[in-house]
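Asker: Positions in the sequence shown are counted from 1; adding 378 to them yields the numbering used here.
Positions of the beta carbon are idealized from the N, C-alpha and C atoms, including for glycine.
Starting off with a structure, shown below.
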Amino acid sequence: MITLAIVLAAVIAASIVVTVLVALRSRNQLSKSNDRFNWRLPLSVVVGTSIVLVSLMVYSPYGSLPYTFLIVPIICLICLLLLLAAVIRKRPRQCLSMLLTLVGFLAASGALLKNEGALRPSLRWLLWSHRFKAEVLAQPAPVNGELRHMEWEATGFAGVANNTVYLVFDPTDSLSAAHSPGRFSGIPCKVPLVRRLESQWYSVCFYTDEAWGECSWSGAGAR
């Protein structure tokens with residue numbers, strides 16, 4: 379947890395520093411030029427912030443929170459201040475540059491945040507699937523008909539609204555035909571979502587405040 383907090387803090391700090399440097403450089407260019415469209419600014423802001431958001435998503439299930447409540451307001455404020463300065467100086471091309479930067483930033487951020495649920499597991503699997511596979515396959519074969527699994531992700535706040543996702547190894551690929559929500563052989567609870575990562579490997583999301591073998595309201599048993 380400490381290492382994760384350090385990584386997140388470093389990413390946030392680096393993003394703020396880079397944003398400020400880009401804004402300062404842009405302001406210097408604005409002051410030197412009468413009225414010139416700066417195409418590098420929107421491109422660099424959109425690419426840079428997208429990389430920051432994806433990094434935060436990958437390393438923490440809460441990564442989008444600091445981005446939404448810290449980075450987004452800072453960048454929007456900087457863009458609006460630079461836009462206001464360009465308006466006061468009556469420089470339409472610079473206004474267009476700042477407006478495009480703001481719109482591009484919000485559009486890219488919105489698209490990534492909207493698809494966070496699919497992006498995060500896919501990227502985590504791409505980066506660390508070998509480690510996850512080794513951990514699951516090292517488990518003894520279950521004797522009760524359940525599938526081998528490990529807790530892949532858990533979110534919640536102080537024991538409230540806990541949501542758990544399991545990585546499941548399904549050697550017969552029976553889950554490939556899963557139409558969630560539902561009950562599936564080898565999984566003790568009814569689940570709302572089954573996502574295929576690759577052949578024989580699935581992420582299975584449980585209902586809030588339920589865990590493997592602890593089906594408080596959906597009930598145990600196969601389908």
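#1: Do the stretch 465-483 and the stretch 532-543 touch if we need at least three Cβ pairs shorter than 8 angstroms?
#2: So, at 7 angstroms on beta carbons, what are the nonlocal neighbours of V424 in its own chain, with the 5 sequence-adjacent residues on each side left out?
#3: Going by beta carbon distance, what residues of the same chain come within less than 6 angstroms of R498, once the five residues before and after it are set aside?
#4: Is it the case that the Cβ atoms of L378 and W503 are separated by a distance below 8 angstroms?
#5: At the level of alpha carbons, what is the spacing between L478 and P420?
#6: Just mark S438 as buried or exposed, buried being the case when its beta carbon has 16 or more other beta carbons within 10 Å.
#7: Can you name, in chain order, every residue of its own chain whose Cβ lies under 8 angstroms from the Cβ of V432, other than the five neighbours on each side?
#8: Under the DSSP definition of a beta bridge, which residues are partnered with T533?
#9: Please report the residue range of the beta strand (DSSP E) in which C583 lies.
#10: Does the separation of the CB atoms of F584 and V569 fall below 8 angstroms?
#11: Smallest Cα separation from V546: which of G441, L462 and Q578?
#12: Where does L525 fall in DSSP's three states?
#13: With a 10 Å radius around its C-beta and 16 neighbouring C-beta atoms as the bar for buried, classify N508 as buried or exposed.
#14: For L461, which of L480, W417 and I429 has the nearest alpha-carbon?
#15: By Cβ distance below 8 angstroms, which residues in the same chain neighbour T586 in space, the five residues on each side in sequence not counted?
#16: Whole angstroms is fine: what's the gap from H557's alpha carbon to L448's?
#17: Could you tell me which of C457, C454, E494 and P520 sits nearest to G615, measuring between CA atoms?
#18: Cα separation between V521 and S422?
#19: Look at the Cβ atom of E588, then the Cβ atom of S581, and state whether they are nearer than 8 angstroms.
#20: Please give the ranges of any beta strand (DSSP E) in the stretch 419-459, keeping only runs that are unbroken, at least 3 residues long and fully inside the region.
Answerer: Quick answer:
#1: No: the two stretches stay apart, fewer than three of their Cβ pairs being nearer than 8 angstroms.
#2: Taking the first residue of the sequence shown as 1, we reach residue 424 at position 46. For V424, where only same-chain residues beyond five positions count, the Cβ hits under 7 angstroms are G482, F483 and A486.
#3: Counting from one through the sequence shown, the residue named residue 498 turns up at place 120. If we look at R498 and ignore the five residues flanking it on each side, its Cβ neighbours are M435.
#4: With the chain covering 379 to 601 only, the question about residue 378 has no answer from this structure.
#5: Position 100 of the sequence shown, counted from the start, is the residue given in the question as residue 478. Position 42 of the sequence shown, counted from the start, is the residue given in the question as residue 420. Approximately 6 angstroms between the Cα atoms of the pair.
#6: Numbered from its first residue, the sequence shown carries residue 438 at position 60. Here S438 is buried: its Cβ has 16 or more other Cβ atoms, across all protein chains shown, within 10 Å.
#7: Here the question's residue 432 lines up with position 54 in the sequence shown. Correct list, in chain order: L490, L497 and L501.
#8: Here residue 533 is taken as the residue at index 155 of the sequence shown, counted from 1. N541, per the DSSP bridge assignment.
#9: As a working mapping, residue 583 is identified with position 205 in the sequence shown. Counting along the chain, the beta strand (DSSP E) containing C583 begins and ends at W579 to C583.
#10: Residue 584 sits at position 206 when you count from the first residue of the sequence shown. Residue 569 sits at position 191 when you count from the first residue of the sequence shown. Yes, the Cβ-Cβ distance between F584 and V569 is below 8 angstroms.
#11: To locate residue 546, count along the sequence shown from 1; it is residue 168. With respect to the C-alpha of V546, the residue from G441, L462 and Q578 having the closest C-alpha is Q578.
#12: Taking the sequence shown and counting its residues from 1, one reaches residue 525 at position 147. Of the three classes helix, strand and coil, the one that applies to L525 here is coil, per DSSP.
#13: Along the sequence shown, one-based indexing puts residue 508 at 130. Just to set this straight, residue 508 is His in the shown sequence, not Asn. By the 10 Å Cβ count, H508 comes out exposed.
#14: Here residue 461 is taken as the residue at index 83 of the sequence shown, counted from 1. Comparing Cα-Cα distances from L461 to each of L480, W417 and I429, the minimum goes to L480.
#15: In the sequence shown, residue 586 corresponds to position 208, counting from 1. Excluding the 5 residues flanking it on each side, T586 has same chain C-beta neighbours closer than 8 angstroms at A539, N540 and N541, in chain order.
#16: Here the question's residue 557 lines up with position 179 in the sequence shown. Here the question's residue 448 lines up with position 70 in the sequence shown. Straight-line measurement puts the Cα of L448 at about 38 angstroms from the Cα of H557.
#17: There is simply no residue 615 to check, as the chain begins at 379 and stops at 601 in what is shown.
#18: For this step, residue 521 is matched to residue 143 along the sequence shown. For this step, residue 422 is matched to residue 44 along the sequence shown. If you draw a straight line from the Cα of V521 to the Cα of S422, it comes to about 55 angstroms.
#19: As a first step, residue 588 must be located in the sequence shown, where it is residue number 210. As a first step, residue 581 must be located in the sequence shown, where it is residue number 203. No Cβ-Cβ contact shorter than 8 angstroms links E588 with S581.
#20: Correct list: empty.
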